[in-house]
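As structure tokens, the structure follows; a few thoughts come after it.
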Amino acid sequence: MKNYIFLRRSRFNSYHHISDYVPSSNLRFLRGYFEIDYKYHYEEYVFNNIVSSFNEYFIYNDQQNKMLYIGRADWELDEEEMCPSDEEFPNYVNDTNSCKLSVDNYLEFRTKWVELKKALPAFAIIYRDDNDWVDCKGFDTKEEMELFVKNYQPQVMH
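The opening residue of the sequence shown carries number 3 in the working numbering; numbering runs sequentially from there.
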């Protein structure tokens, strides 16, 4: 497992980082997007445009390589921040300001996240496996989640 973030369900049934600090993992952008901005009906727009920017997050669609980059759209929160042009976005996105995943990985993650949100386990993890595939999983206890990380075994490639 390359990296992960631990989440706890709030009383409002959303998932937040367990720690009081924002983790350095770029997976935090994926969690933020799915908790704040995600709407199923946005996806047609996302897949047909180079850059989609909603309330707090952006998605850069590298259509040629079938990759998505999800990050925080600071220009949506601070009018003094400038949004990069579509042409500048390939040079703008990086490991510190966005979470990179393939379109196929996004679609699978989205399905699993929606299932997780229906089940509403007390704890959840978002993780990037050794093959760079991003996944999520729910747990009843924090201990089960920690044990999952401790005993994690790489899976077959996707």
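Virtual Cβ for every residue (Gly too), placed ideally from N, Cα, C.
In this text the structure is predicted, and so the values were computed from the model without any measurement.
- Counting only the Cα atoms, residue 49 lies some 22 angstroms from residue 138.
- Residues of the same chain with their beta carbon placed closer than 8 angstroms to that of residue 90 are lacking, with the five preceding and five following residues left out of the count.
- Note on residue 13: under 16 other CB atoms within 10 angstroms of its CB, so exposed under the neighbour-count rule.
- Using a 10 angstroms sphere on the CB of residue 21, the tally of other CB atoms stays under 16, which defines it as exposed.
- Counting every other CB atom within 10 Å of its CB across the protein chains shown gives residue 62 a total of 16 or more, marking it as buried.
- Around the beta carbon of residue 149, a 10 Å sphere encloses fewer than 16 other beta carbons of the protein chains shown; the residue is thus reported as exposed.
- Under the three-state reduction of DSSP output, residue 116 falls in the helix class.
- Our two residues, residue 76 and residue 67, have alpha carbons roughly 25 angstroms apart in a direct line.
- The distance from the Cβ of residue 155 to that of residue 131 is about 10 angstroms, inconsistent with a contact at the 8 angstroms cut-off.
- DSSP, read as helix, strand or coil, puts residue 95 in coil.
- Distance between residue 94 and residue 153, taken at the CA atoms: about 36 angstroms.
- Looking at the DSSP output, residue 70 bridges to 63 and 103.
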